[in-house]
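These notes concern the structure reproduced below.
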Amino acid sequence: MKVDRRDFIKTSGMFAAGSMVLPPFVQSCQNVQISADVKSYLDHFEVTTEMLQKVIATAMSKGGDYADLFFEHKISNSLALEDGKVNRAYSNIDFGVGIRVLKGDQTGFAYSENIALDDMLNAAKMAANIANSSASFTAADYNEKLPANYYKISKKWEDVSVKDKVPFVQKVNDKIFSLDDKVIKVNAGMSDESSYVMFYNSEGRLTYDYRPMISFYAVCIMQDGEQIENAYSARSVRRGFEWLTDDLVDELANEAVEKTNLLFKAGKPKAGEMPVVLGAGGSGILLHEAIGHTFEADFNRKGTSIFSDKLNKKVAENFINIIDDGTLPNDRGAINIDDEGNDVQKTYLVKDGILNSYLHDRISAKYYGVEPTGNGRRESFRHMPLPRMRSTYMENGPHTTEEIFAAVDYGVYVDNFSNGEVKIGAGDFTFFVKSGYIIENGKLTTPIKDINIVGNGPQALADISMAANDYKNDSGTWTCGKDGQSVPVTLGLPTVLVKKMTVGGTNA
Amino acid sequence: MTKEEKYTLAKWAMNHALENGAQEVSVNISNNQSSSVEVREEKIDKLEQALQSNLSIRLFVDKKYSSHSTSRLNKEDLARFIEEAIEGTKYLSEDEFRTLPDPELYYKGDGPDLGSLDENFGNVDPEEKIKLAFAAEKEILGSNERIISVSSSYYDGLNERVMVNSNGFEGDTANSYFGIYTNVSVKGDGDGRPESGWGETAIKYNELKKRGTGTIALKRALDKIGAKKIESGTMPMIVENRVVSRIFSPLINALDGSAIQQKNSFLIDKLGEKVASDKLTLTDDPFIIGGRGSRLFDGEGMATKKRTVFEKGVLKRYYIDTYYGKKLEMEPNSGATTNLVFETGDKDLDALIASVKKGIFVTGFNGGNSNGSTGDFSYGIEGFLVENGEIVKPVTEMNITGNMKTLWANIGEIGNDVREDSSWRTPSILFNDVDFSGL
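Respectively, the protein sequence lines represent chains A and B. Position in the first sequence (first residue = 1) + 216 = this note's numbering. Position in the second sequence (first residue = 1) + 186 = this note's numbering.
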C-alpha cells in the first residue's frame, strides 16, 4: 500500500544478517503432538467447534456474505555459521488467528494473537464492519475436509535437537574451505519451520494443514589478489530431518565454490537488445516476473494488468505450456490446502500458446465465475489472502539445446539469478543475473556477471521462439513479495531462447 | 499493554533467563497497532485493524549467543520458551566477541523530545479516516477518460517498545505515523497500463497533508504514456529524490561493520580515504526534531551521536556495533543509520534538468542489484529523456550498469530538494557518464 504496485522475487542466502528464513531450537509451546485429524488441531489451538461458530456468527453479524478464520502456529528455528563456527541461532514463535469478512469483493480483516473467546470475538467485530447492515446468521454445520498430503516426511523438525543439526552447517563450511585455497570466509546456515494451520469458514468447512520447511544455504567468499568475490548455493524444500545428508553438504559446497570461481574471470556484455538463452532451472524467474504476477486475477479483475484483455487469446508459440502448480511433492511452493481452505491444483496458465487461466483466490474466482484455483495465499494469520503463485514452470519444448545455441550469433546465456521485479500495468519486468556467458556464433565464450535484464511481459512471452526438452525445477530459497507479504515459491524452465531483451552492459 | 506492564514483563523475562543459566540478557517488548482503509470505485475495498505484541530476547550463555522472539506473551509459555532457548544455546560454538555493550556507552536519559509521537494518536475519529481515503480517490475519479483504476488508502500506526539489558540499561520509545496513498492505473497507447502512486506521511495527524495524492499520482501515471526504450549510450543521469535510496543504499551497506569484517564491502580499509566525489558530504544526525530516523539510543541501548559519514568525498566512519567492534578491534559507534543528511548544492530539480544537454531523468527503478564485495551494479530504470534542458519523452525498459565507486565519484551536482519524509533525507542527484542500455 505504501509502495508502487511492484512485485518482486528474491532468493535469500545473501548476506543480510539474520534475515534468512527462520530453523528447532525452541519447540512447540504446547507439548501436545498433533496428529492429522481435526480434533487434534482443535485441541492444539484450544478451541471447540462451538467457539468457532460463535466467532463466525459475530463476524457475519453486520451482513457479511462470507467469513473465515485462519489459525496458525508457526515455529521457526535457524542456525548460522560465521568465521568457522556455528555460533548463532535465531528462533521465532508466531501464534494467532486471522478473521476475514467478505461483502461482495470488499474485505474486512483483523487478527488476534490470543485465542481466548473474547479476544476472537473482538477481532471478529472489527472485521465485521466491512458490512454495515444488521443480519442474523445461522451457523452451518461444520464439515470436516480432509486435506491432500503433498509433503510426506519421516522426522519432523520439532523432534530434532539443535545438536543434530549443527554438524551439517559445520561440515559445509569445512568442505568449502577444503575445495579451494582462495576461500577466505564462509557464511552458512540452516532454517527449519513447522507451521500448523487450521481453517474454518461460514460455509462450515473445517480443515487443516501441517507445513514443514527446511532451507540450507552456503555463501562462499574468495580472494584472488585484490579481487574479492562471493556466490552462494541454497536449497529449500518441504521435507524432514531425513533430507539432510553428507551428499547434500557436498553438493552445496561444490556449487558455491564453482559459482564463485566463475566470477573472477567474468566481465560485462555490450549494452543493448540481444537474444537471451535462459538455462534450464532457475531461469523460471522469467515466467514468474514476465507473466506470473500479471496473471494474478486481482490485477486482472481491476483491469490493471497488461494481460487483462488476453484471456483465451494466443499469447505465445503453440509449443508453449506454462503451469502454476501447488501439488509438486515436497516442493517449497506446494501447499495441501491454500490459505482459504481450498484444494490446490495444477493450473495451466498458458496451454498450447493460449492464455488459459488466471490465478484465483476466492474473491476473483467468484468475480470470473470459475472454481478457485487454490492460489489464495497469505504470509501469516496477520495478513489477508491474495492470489499468489506456487511453483511456476514451463513444460518441455520441441527443440534441443544444441539447436538453440546454434541459433544465436551474439547474445547471452544466463542461468544464475538473485532477484527480479515487475511492473504489473506496464508489463516491464527485470531479473538480475549473478553469472552467465556471452554467446558468440553459437558458442559460450566470456563469462559475465552482475547484470540486469529487462523486458516486457507480453512481448517476451511472444518472443520465446525455441524451448528445449531439458526442463528442471529449481529448489532454491525463492521468496515472492506482493503488497508487503512474502510467500515461498519455486520455479522451473527448460532451456529457452527469447529473441530479444535489453541486457545491461557497457557502451565502450 | 501499558509501558509499565511492558517494563514489568521485560524484567521478569530477563530475570527468568538469568536464573536459568544466562549470564547476560537483553529483552525487547513491542506493541504495534495499526489500521488502514483502502477505497476503490467509491466503496471500501479493504478495512484492516491490527494489534501486535512481541517479545524478543538476546541470550549470552557460557560465551554462546542466540536470539529469539515470540508473540505468545503469557508467563507460562514464556518461561518454557526461555528455558528451551537457553538449553539450545549450549549446543552452539563459543563466540568470545559476544557481549552486551559497555555500560559507559548507554544512553543515560534526559534527552530532548525528538517529536516522534503524536500524543493524540488515539483521538482521530475513524469516520474521518475513511473520509480522507474517499477524498483522495474523488480528487481524480472520472476526471480523465484514460483512468482504469484508482485506489486510495488511509493508514496509521503506533509503535511502542521497551528495552532492558541485564548490565544496567532501560529505555523506551514510541513513534506514530499517519499516511494517505493513492495508486492509479491509466490506459496507455497499446496494451500497456501505466500506473503510478503518490503518498503523504506525517508523524502527527495535524501535520499530514490531506489533499493531493490523487492528483499527483494521476499526473505521474499520465506522464508515462508512450514510454519506450531509446538507444543505448553513456549519458548524464538525474535521479529523483524519492528513488535515490536505490543507488544510495549499496554505498551505506558497504559501511556496515558486518560487511567490512565479512569481506562483503567495496570500501574495506578506506577510512580517511577519498572514495567519492568532493561534492559528497553526508552527516548522520539522530537529533532532528520530527526526523523519521531520530532516536536517543540505538538498538543496543548505546547513546546516539551526530557523526560525519563522508566529508568532501572522504570516508569518515563505518557503522560499528558492539559485536563487530570487538571483531574488528574498533570502537563501537552504533551499527545503524539514523537520519542521513546531505550537504546540498544550490539547484532544485528543475535547475538540474535544465543543466543537462542530453541525459535521462530517472523517476523509478525496476529490479536490479549491486554486488556487495565489488560494487558492480545493474538496475532497470524508467523516467524521461532530457534534451537541451527539457524533458522530451518518457522512457522505460532500460538498464543502468556500472560500479558504485565510479558512480559516486562522478557526481555532477547534488540538488537541494531534500525529502524530509524519510530517515534518509535524499535530494535529487545528477551523475555524469552513466552507461544506459536500451535499444
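The beta-carbon is built from N, C-alpha and C at its ideal position, and this holds for glycine as well.
What does the Cβ neighbour count give for residue i, buried or exposed, with the cut at 16 atoms within 10 Å?
i	result
residue 308/B	exposed
residue 533/B	buried
residue 312/B	exposed
residue 264/A	exposed
residue 231/A	The predicted position of residue 231/A is uncertain, since its pLDDT is 31 and thus under 50; a value taken from the coordinates is nonetheless stated next. By the 10 Å Cβ count, residue 231/A comes out buried.
residue 614/A	exposed
residue 179/A	Since the first residue shown for chain A is 217 and the last is 724, residue 179/A is missing from the structure and cannot be characterised.
residue 368/B	buried
residue 303/A	buried
residue 522/A	buried
residue 248/B	exposed
residue 409/A	buried
residue 229/A	With a pLDDT of only 34 at residue 229/A, under the threshold of 50, the placement of this residue in the model should not be trusted, and no figure is reported.
residue 513/B	buried
residue 443/A	exposed
If you draw a straight line from the alpha carbon of residue i to that of residue j, how long is it in whole angstroms?
i	j	result
residue 531/A	residue 687/A	21 Å
residue 628/A	residue 671/A	14 Å
residue 423/B	residue 573/B	12 Å
residue 324/A	residue 582/B	37 Å
residue 468/B	residue 529/B	6 Å
residue 467/A	residue 370/A	22 Å
residue 432/B	residue 551/B	7 Å
residue 278/B	residue 263/B	23 Å
residue 580/A	residue 382/A	45 Å
residue 310/A	residue 343/B	21 Å
residue 554/A	residue 516/A	20 Å
residue 470/A	residue 396/A	10 Å
residue 483/A	residue 434/A	24 Å
residue 412/A	residue 460/B	54 Å
residue 498/B	residue 458/B	11 Å
residue 465/A	residue 392/A	9 Å
Just to make sure I have the definition right: I need the residues of chain B whose C-beta is within less than 8 Å of the C-beta of residue i. Which are they?
i	result
residue 473/A	Ordered by position in chain B, no residue passes the 8 Å Cβ test against residue 473/A, which lies about 16 Å from the chain.
residue 598/A	236, 238
residue 411/A	Here the premise fails: no neighbours, minimum Cβ distance about 14 Å.
residue 400/A	449
Give the interface partners of residue i over in chain A, defined as CB-CB distance under 7 Å, in chain order.
i	result
residue 277/B	378, 379, 382
residue 235/B	326, 342
residue 552/B	637, 639, 644, 646, 670
residue 251/B	303, 304
residue 672/B	Residue 672/B lies beyond the stretch modelled for chain B, which goes from 187 to 625, so this question has no answer here.
I want to verify the contact list: residues of chain B whose CB lies under 7 Å from the CB of residue i, in sequence order.
i	result
residue 349/A	Neighbours of residue 349/A on chain B: none; closest Cβ ~14 Å, over 7 Å.
residue 322/A	229, 230, 231
residue 558/A	Those do not exist, as residue 558/A stays about 20 Å from chain B at its closest Cβ, beyond 7 Å.
residue 307/A	254, 271
residue 346/A	230, 233
Can you check DSSP and say which residues form a bridge with residue i?
i	result
residue 420/B	621/B
residue 672/A	644/A
residue 490/A	717/A
residue 295/A	305/A, 406/A
residue 562/A	541/A
Run down chain B in chain order and give the residues with a C-beta less than 9 Å from the C-beta of residue i.
i	result
residue 721/A	418, 564, 585, 587, 621, 623
residue 488/A	417, 418, 623, 624, 625
residue 301/A	278, 279, 280, 281
residue 718/A	415, 418, 566, 583, 584, 585, 623, 624, 625
Along chain A, which residues have their Cβ under 8 Å away from the Cβ of residue i?
i	result
residue 560/B	443, 444, 445, 666
Residues of chain A with CB under 9 Å from residue i, in chain order?
i	result
residue 334/B	518, 519, 520, 524, 641
- Item | Cβ pair count under 8 Å reaching 3, the region 568 to 580 of chain B against the region 394 to 414 of chain B | Touching, yes.
message: Taking contact to mean 3 or more Cβ pairs, one atom from each stretch, closer than 8 Å, check whether the region 430 to 441 of chain A and the region 336 to 353 of chain A are in contact.
response: No: fewer than three Cβ pairs fall under 8 Å.
Contact between the region 536 to 549 of chain B and the region 490 to 510 of chain B: three or more CB pairs below 8 Å? With the rule of 3 Cβ pairs closer than 8 Å, the region 536 to 549 of chain B does not count as touching the region 490 to 510 of chain B.
Does the structure place the region 550 to 568 of chain A close enough to the region 513 to 529 of chain A that three or more beta carbon pairs sit under 8 Å? No: the two stretches stay apart, fewer than three of their Cβ pairs being nearer than 8 Å.
### Task
Decide yes or no for the touch test of the region 291 to 309 of chain B against the region 387 to 400 of chain B: beta carbon pairs closer than 8 Å, at least 3 of them.
With contact defined as three or more Cβ pairs closer than 8 Å, the region 291 to 309 of chain B and the region 387 to 400 of chain B are in contact.
Any 3 or more C-beta pairs closer than 8 Å across the region 404 to 423 of chain A and the region 282 to 299 of chain A: Counting Cβ pairs under 8 Å, three or more are found: they touch.
Between the region 587 to 606 of chain B and the region 428 to 446 of chain B, are three or more C-beta pairs nearer than 8 Å?
-> Yes, the region 587 to 606 of chain B touches the region 428 to 446 of chain B.
### Query
Quick check: the region 480 to 496 of chain B against the region 415 to 429 of chain B, are there 3 or more CB pairs under 8 Å?
Contact fails: fewer than three Cβ-Cβ distances are below 8 Å.
| said: Can you confirm whether the region 507 to 526 of chain B touches the region 597 to 609 of chain A when touching is taken to mean that 3 or more C-beta pairs between the two stretches lie within less than 8 Å? | reply: Touching, no.
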